[in-house]
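Okay, so here's the structure we're looking at.
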Amino acid sequence: MKLFLPFWQRLLITVGVMLLTSYLAGLACQGLFAVPIPSYVAGLIGGLAALPTWDFLKRIRPAQQERK
74 MKLFLPFWQR LLITVGVMLL TSYLAGLACQ GLFAVPIPSY VAGLIGGLAA LPTWDFLKRI
134 RPAQQERK
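Read in my numbering, the sequence shown has 101 at position 28, and its numbers run on one by one without any break.
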């Protein structure tokens, strides 16, 4: 039986990774160049980070629990 993560869990994790990556990219740009990063660039970086995350989450399976 193929058991994968449900769609809502994959979506929630992917959105979280996207937001975190966008935020960290903004902090890095502000820290390195003392210039705020444009929001569309931060969104682009977050979106690009979401693609491999979604693909990875489609491949993994939740841990199997032993029945007693």
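Heads up, the beta-carbon is just placed ideally off N, CA and C, and yes, glycines get one too.
Terminal residues of the alpha helix (DSSP H) in which residue i lies
i: Phe129; result: Ser112 to Arg132
i: Ala98; result: Phe80 to Phe106
For residue j and residue i, believed in contact at Cβ under 8 Å, the rounded distance
i: Phe80; j: Arg134; result: Between Arg134 and Phe80 the Cβ distance is about 14 Å, and since that is not below 8 Å, they are no contact.
Environment of residue i [buried if 16+ CB atoms lie within 10 Å]
i: Gly119; result: buried
i: Ala101; result: exposed
i: Ala136; result: exposed
i: Ser112; result: exposed
Close beta carbons around residue i, own chain, < 6 Å, minus the five adjacent residues each side
i: Gly99; result: Ile110 and Ala115
Cβ neighbours of residue i in the same chain (closer than 7 Å, five flanking residues each side left out)
i: Ala122; result: Val90, Met91 and Thr94
- Message: Count Cβ pairs between the segment 105 to 112 and the segment 82 to 91 that sit closer than 8 Å; are there 3 or more?
- Response: By the Cβ test, the segment 105 to 112 is not in contact with the segment 82 to 91, since fewer than three Cβ pairs between them sit closer than 8 Å.
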